[in-house]
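Enquirer: Mind looking over this structure? Questions follow.
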Amino acid sequence: MKNWNIQNRILFLALLPGIIVSLVLGTFFITERARDLGDLLEQRTLAMAKQLAPTCEYGVMTGSVGILQNIANNMLEEIDVRAVTLYNQDMQTLAHAGPRMLTERFGSAELKADQLQLMRTDASLRARAPIFSQNLIIADQLSEQFYAQKNGQQQLLGWAEVELSGANTKLNQYQHIASSLSIIVSVLILCTVLALRISKQVSQPMGVIVDAIDDMKDGKLETRVHIENGGEFQALASGINAMASALQRANTEHQQNLEQATHDLQETLDELEIRNRELTLGRKEAIEASRMKSEFLANVSHEIRTPLNGILGFSELLGRTQVSERQNDYLQTIRKSSDDLLNIINDILDLSKIDAGKLIIEHTPFNLRDVIEDALQVLAPEAVGKRLELNQIIESNVPLAVCGDPLRLKQVITNLVNNAIKFTEYGSVTVKTSLISQKDHRASLQFEIRDTGLGLSPEKQEKLFQAFSQADASVARQFGGTGLGLIISKALVEAMHGDIRVESREGFGSSFFFNIDIQIDQDSTTNNLAPLDISIAVIDPKQAATTDLLTLLTSWQVDHHYYPTIPQVVDRINSGEKYDLILCAIDHEKLDDDALALLNALKDTQVPVVALVNSVSHEDLDMLKKLGANEALSRPVTQRKLHAALSELVADESQILTLTDPAEEHSPGRVPPCILAVDDNHANLKLVVTLLREMGIQVYSAMTGSEAIAQIDQHPIEMVFMDIQMPNMSGTEATEHIRRMPGKAALPIIALTAHAMADEKQALLKSGMNDYQTKPITQEQLAKCVERWTGYRAPINTLIRVVKHERSREIASEKSICREIFNADMALHHANNNIELAVDMFQMLLDSLDNERANIVAYWEEEALDELLEAVHRMHGATRYCGTPCLRLELETFESALKANEFAKLPEQMRRLVTELDKLQEWVEANDWSELLRNHATINANA
Numbered sequence: 009m010k011n012w013n014i015q016n017r018i019l020f021l022a023l024l025p026g027i028i029v030s031l032v033l034g035t036f037f038i039t040e041r042a043r044d045l046g047d048l049l050e051q052r053t054l055a056m057a058k059q060l061a062p063t064c065e066y067g068v069m070t071g072s073v074g075i076l077q078n079i080a081n082n083m084l085e086e087i088d089v090r091a092v093t094l095y096n097q098d099m100q101t102l103a104h105a106g107p108r109m110l111t112e113r114f115g116s117a118e119l120k121a122d123q124l125q126l127m128r129t130d131a132s133l134r135a136r137a138p139i140f141s142q143n144l145i146i147a148d149q150l151s152e153q154f155y156a157q158k159n160g161q162q163q164l165l166g167w168a169e170v171e172l173s174g175a176n177t178k179l180n181q182y183q184h185i186a187s188s189l190s191i192i193v194s195v196l197i198l199c200t201v202l203a204l205r206i207s208k209q210v211s212q213p214m215g216v217i218v219d220a221i222d223d224m225k226d227g228k229l230e231t232r233v234h235i236e237n238g239g240e241f242q243a244l245a246s247g248i249n250a251m252a253s254a255l256q257r258a259n260t261e262h263q264q265n266l267e268q269a270t271h272d273l274q275e276t277l278d279e280l281e282i283r284n285r286e287l288t289l290g291r292k293e294a295i296e297a298s299r300m301k302s303e304f305l306a307n308v309s310h311e312i313r314t315p316l317n318g319i320l321g322f323s324e325l326l327g328r329t330q331v332s333e334r335q336n337d338y339l340q341t342i343r344k345s346s347d348d349l350l351n352i353i354n355d356i357l358d359l360s361k362i363d364a365g366k367l368i369i370e371h372t373p374f375n376l377r378d379v380i381e382d383a384l385q386v387l388a389p390e391a392v393g394k395r396l397e398l399n400q401i402i403e404s405n406v407p408l409a410v411c412g413d414p415l416r417l418k419q420v421i422t423n424l425v426n427n428a429i430k431f432t433e434y435g436s437v438t439v440k441t442s443l444i445s446q447k448d449h450r451a452s453l454q455f456e457i458r459d460t461g462l463g464l465s466p467e468k469q470e471k472l473f474q475a476f477s478q479a480d481a482s483v484a485r486q487f488g489g490t491g492l493g494l495i496i497s498k499a500l501v502e503a504m505h506g507d508i509r510v511e512s513r514e515g516f517g518s519s520f521f522f523n524i525d526i527q528i529d530q531d532s533t534t535n536n537l538a539p540l541d542i543s544i545a546v547i548d549p550k551q552a553a554t555t556d557l558l559t560l561l562t563s564w565q566v567d568h569h570y571y572p573t574i575p576q577v578v579d580r581i582n583s584g585e586k587y588d589l590i591l592c593a594i595d596h597e598k599l600d601d602d603a604l605a606l607l608n609a610l611k612d613t614q615v616p617v618v619a620l621v622n623s624v625s626h627e628d629l630d631m632l633k634k635l636g637a638n639e640a641l642s643r644p645v646t647q648r649k650l651h652a653a654l655s656e657l658v659a660d661e662s663q664i665l666t667l668t669d670p671a672e673e674h675s676p677g678r679v680p681p682c683i684l685a686v687d688d689n690h691a692n693l694k695l696v697v698t699l700l701r702e703m704g705i706q707v708y709s710a711m712t713g714s715e716a717i718a719q720i721d722q723h724p725i726e727m728v729f730m731d732i733q734m735p736n737m738s739g740t741e742a743t744e745h746i747r748r749m750p751g752k753a754a755l756p757i758i759a760l761t762a763h764a765m766a767d768e769k770q771a772l773l774k775s776g777m778n779d780y781q782t783k784p785i786t787q788e789q790l791a792k793c794v795e796r797w798t799g800y801r802a803p804i805n806t807l808i809r810v811v812k813h814e815r816s817r818e819i820a821s822e823k824s825i826c827r828e829i830f831n832a833d834m835a836l837h838h839a840n841n842n843i844e845l846a847v848d849m850f851q852m853l854l855d856s857l858d859n860e861r862a863n864i865v866a867y868w869e870e871e872a873l874d875e876l877l878e879a880v881h882r883m884h885g886a887t888r889y890c891g892t893p894c895l896r897l898e899l900e901t902f903e904s905a906l907k908a909n910e911f912a913k914l915p916e917q918m919r920r921l922v923t924e925l926d927k928l929q930e931w932v933e934a935n936d937w938s939e940l941l942r943n944h945a946t947i948n949a950n951a
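Using the working numbering, the letters of the sequence shown correspond one by one to residues 9 to 951.
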């Protein structure tokens, strides 16, 4: 009904009252008429019975059956009379006329006035009236004599019963219903006709109005409504016409405004197009600037890595010579600092990766305490130099065996602690590690680096985590720094699913907090310090600085007791307390007479003493030993140094389980593994094979991917060193094929490549490689890699030791190397000081030089860039082991340009490469390079 049109609504409203009135009145009159006809039949029945009874009095009294029968027969002549029966007072039939009276669905008798009884059936009404004896008035004399005796009382003589048929009554009722319905239908038809005419008079003008509105909606604003009817419709039509005129005028104005706006917009678009072109050019310039920045970082990294590699290499060689414990400690610090510096350089080189969201977070097991202690050990000299206390607190519930990226975590701690030391003039710097939550083998850790330094205002705190910015320029000039440390730390923390924040008040120091989510290592071997069944007395006036030491002793199951002063310990020992060792903290400022007095007091107890002093000077440590200390250690002390010192000083060594390196569990009982080396460059392949065989390892070799697959199928290979770029089948394709071989899904495959792009490592690991090594690779790197993936640890006496000589200084400078066509020291270094291997490798480079050069020139002229890249990569890999730094650098630059599709640079790079090849060939013809190598080897051996 809601969706009806107006014509239907008018019809409905017009017909509904008439239908309701007709139905109600028709039903009422039909019902009333039917009831009246029924009542009339009942009245007639009772009246006939009442009239029949006196008529039959004489016949019943005289017993004249003939008279009674005539009376009954006469009654049948009346309308609707069906049957008549006369009874005596005993209800015996005296006379009957008509058919047998109906008895179907015979109802009970209803008693009416004058003792009349009314009975009903489905098709008739029966009335029964009593016949009484009364005084008869008869005209003849006989009758008067006969009834001379009058009786004043009525006497029941019998009954007269009349049955009337209801058929005529029903017929009358049906006729009345039919006539009534005919009248109702006629009335409804008349109402419908009238309603249709009325609705048409209303709906027709409404339809005209609706059609006109639809035309206007479709944009035909010139449409007008014309209605002949007057009244409201005419007023409505006039209003719509006026509205249409207004809309038409407004539309015309709007169209004019739109055309003007379109014209203005077109001019604006032209200006935007010009600006977009300028922005495109600016974007290209920005991309070029970013590329130049990355290239600059790569070059700077190359400049720094070479001297740093010299520091690392020769500190390693120096460590293999006979050195004192002090010198060894210095060497270890140099190595750790150099390693950290090298890793930090790599991180700075990856700053663009941080911006691009491609920062790689490693996932390896490590000991959390070792990482924190290593970071503090490197920074301890600077803290001691400023007379600052450098403390660490690791709460007892913090899990130490975890899996993550120890280098990145160490870098963050180093950056924050270094900043704290830098901006703190007096007081202390504390590193506190707490457990926030732990669930499902994962832990959320909080690191707090708290200092008592200058502090920061809220305005300065807002600038902290911006690249190349510092909170205070004047402080930056005083203490130095680039401002990159905090932004790198923030990026690293976020990459480890954490966050970093600062709380500080100017003049009251600062606290840096960072949280990380890290996995707990359930099967750890990183925390392998054995328990110590000893009793120790700990002496330190500053209890806060001893908190972590006491926690560490508790983790070793050491029975320890803390005392703030030495006299308290002496009194306890004199009273019978037994201690195996005494740990005594001594201030650096009291190393003279006060230290002597303190140690003399402890010497009388006959208990071994370990002195802990906030100094890294070996002179100070030696002084403490001379004053009576059995051992002297610098604070903050590492757990491994302290554990080793306590173990050595305990008299009963059977109770001390010394520290074991996890890798030593595999040696010496571990059988040397069977390893496959794959490289398409014969010189590179020979070098790797030689270095591995010198470690006592059985080595198989292959120069193509298909040969490697055949070797793995024929021999029980336990590990593979795989070159990446090889003809026909690359290293990644060969790896995918090997992974599909039965039982080779877990075979360790290590990628070897001469060129390390920023994203190559992650791509190689995703392709199925287990690890990644960059050429040139040293024997030590090979040994560590083999040990990591097979468990075999090569005996240290099998590693060829390289000694330094005067010309090693040239290796420390990339600028000097790049001016040399051939560097003998570099060739010997890459050959692990094996003169024969160095000669063979350089000779193989010279043998292949003419052919490779011809291929490169041919591919360049044919513009076959894929083949050119493969040839350049192959020659680049050969030069990395042969002591040709200039040629290697040009090949590396050329390969980088080919991979980056820097087509504008290729002609210049090609020219420079050909020039270097010419220089090398001219140098070889003019010099006895073999004799030069042997002379340098002799000099190194005698150095």
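Backbone N, C-alpha and C define an ideal beta-carbon position, used for all residues, glycine too.
Could you tell me how far apart the beta carbons of L398 and L384 are, in whole angstroms, since I believe they sit closer than 8 Å?
Expert: Contact check for L398 and L384: beta-carbon distance about 6 Å, within the 8 Å limit, so the pair qualifies.
Enquirer: For V501, which residues of its own chain have a beta-carbon under 7 Å away from its beta-carbon, when the five flanking residues on both sides are left out?
Expert: V420, D507, I508, F522 and I524
Enquirer: Does DSSP classify D779 as helix, strand or coil?
Expert: strand
Enquirer: Nearest CA to the CA of V170: which residue from L76, D222, L60 and S207?
Expert: L60
Enquirer: What are the residues that DSSP puts in a beta bridge with N969?
Expert: Because the chain is modelled from 9 through 951, residue 969 falls outside the range shown and cannot be assessed.
Enquirer: If you draw a straight line from the alpha carbon of Y95 to that of L165, how long is it in whole angstroms?
Expert: 9 Å
Enquirer: Do three or more CB pairs link the region 582-597 to the region 544-555 at distances below 8 Å?
Expert: A contact between stretches requires three or more CB pairs, one per stretch, nearer than 8 Å, and the region 582-597 meets this requirement with the region 544-555.
Enquirer: Taking C-beta to C-beta, are H699 and L790 nearer than 8 Å?
Expert: According to the sequence provided, residue 699 is Leu. The question's His does not apply to it. Their beta carbons are under 8 Å apart, which means L699 touches L790 by this criterion.
Enquirer: Assign K774 to one of two classes, buried (16 or more other C-beta atoms within 10 Å of its C-beta) or exposed (fewer than that).
Expert: exposed
Enquirer: A609: which of T422, E627 and A637 sits nearest, CA to CA?
Expert: A637
Enquirer: How about I353 and I380: do their beta carbons lie closer than 8 Å?
Expert: no
Enquirer: Have a look at L453, L494 and I457 and flag the residue whose alpha-carbon is nearest the alpha-carbon of L472.
Expert: L494
Enquirer: Cβ atoms of Q527 and V406: under 8 Å apart, would you say?
Expert: no
Enquirer: Rounded to whole angstroms, what is the Cα-Cα separation between T946 and Q706?
Expert: 30 Å
Enquirer: Count the other CB atoms, across all protein chains shown, that sit within 10 Å of the CB of I369; report buried if there are 16 or more and exposed otherwise.
Expert: When all chains shown are included, I369 counts as exposed.
Enquirer: Quick check: the region 176-186 against the region 36-54, are at least 3 beta-carbon pairs closer than 8 Å?
Expert: Enough Cβ pairs lie closer than 8 Å, so yes.
Enquirer: On a Cα-Cα basis, can you pick out the residue from H505, F902 and I429 that is closest to L952?
Expert: There is simply no residue 952 to check, as the chain begins at 9 and stops at 951 in what is shown.
Enquirer: By Cβ distance, which residues of its chain are closer than 6 Å to E118, with the 5 residues on each side in sequence left out?
Expert: L126
Enquirer: Could you tell me which of R136, S132 and F516 sits nearest to K120, measuring between CA atoms?
Expert: R136
Enquirer: Kindly indicate which three-state DSSP category N96 falls into: helix, strand or coil?
Expert: strand
Enquirer: Are there 16 or more other CB atoms within 10 angstroms of the CB of G71, so buried, or fewer, so exposed?
Expert: exposed
Enquirer: Going by C-alpha to C-alpha distance, which of N284, F241 and L229 sits closest to T260?
Expert: The alpha carbon of T260 has as its nearest neighbour, out of N284, F241 and L229, the alpha carbon of L229.
Enquirer: Buried or exposed: where does D669 fall if 16 or more other Cβ atoms within 10 Å of its Cβ makes it buried?
Expert: Low confidence applies to D669: its pLDDT is 40, below 50, so where it sits in the model is not reliable, and the reading given next is rough at best. When all chains shown are included, D669 counts as exposed.
Enquirer: DSSP state of F374, grouped into three classes?
Expert: strand
Enquirer: Quick check: G713 and P680, are their CB atoms within less than 8 Å of each other?
Expert: no
Enquirer: Buried or exposed: S915, going by 16 or more other Cβ atoms within 10 Å of its Cβ?
Expert: The question names Ser, but residue 915 in the sequence shown is Pro. Counting Cβ neighbours within 10 Å, P915 comes out exposed, since fewer than 16 surround it.
Enquirer: Could you tell me which of H651, D579, A499 and V645 sits nearest to W564, measuring between CA atoms?
Expert: Of the listed residues, the one whose Cα sits closest to W564 is H651.
Enquirer: Whose C-alpha, out of A835, S345 and A912, is nearest the C-alpha of L941?
Expert: A835
Enquirer: On the CB-based measure, 16 or more other CB atoms within 10 Å of its CB, does G227 come out buried or exposed?
Expert: exposed
Enquirer: Output the boundary residues of the alpha helix (DSSP H) element that contains H954.
Expert: Outside the shown range of the chain (9 to 951) lies residue 954, about which nothing can therefore be said.
Enquirer: Thinking just about the alpha-carbon of each residue, which of E844, L854, E726 and L654 is nearest to the one in Y800?
Expert: When only C-alpha atoms are compared, the closest one is E726.
Enquirer: Taking only three categories from DSSP, how would you classify Y182?
Expert: Correct three-state label for Y182: helix.
Enquirer: If we ignore side chains and look at the alpha-carbon of each, how far apart do M251 and L31 end up?
Expert: M251 and L31 have their alpha carbons spaced roughly 48 Å apart.
Enquirer: Going by DSSP, name the residue or residues bridged to F140.
Expert: L164
Enquirer: The beta strand (DSSP E) spanning N399 covers which residue range?
Expert: E397 to I402
Enquirer: Can you check whether the CB of F520 is closer than 8 Å to the CB of L424?
Expert: yes
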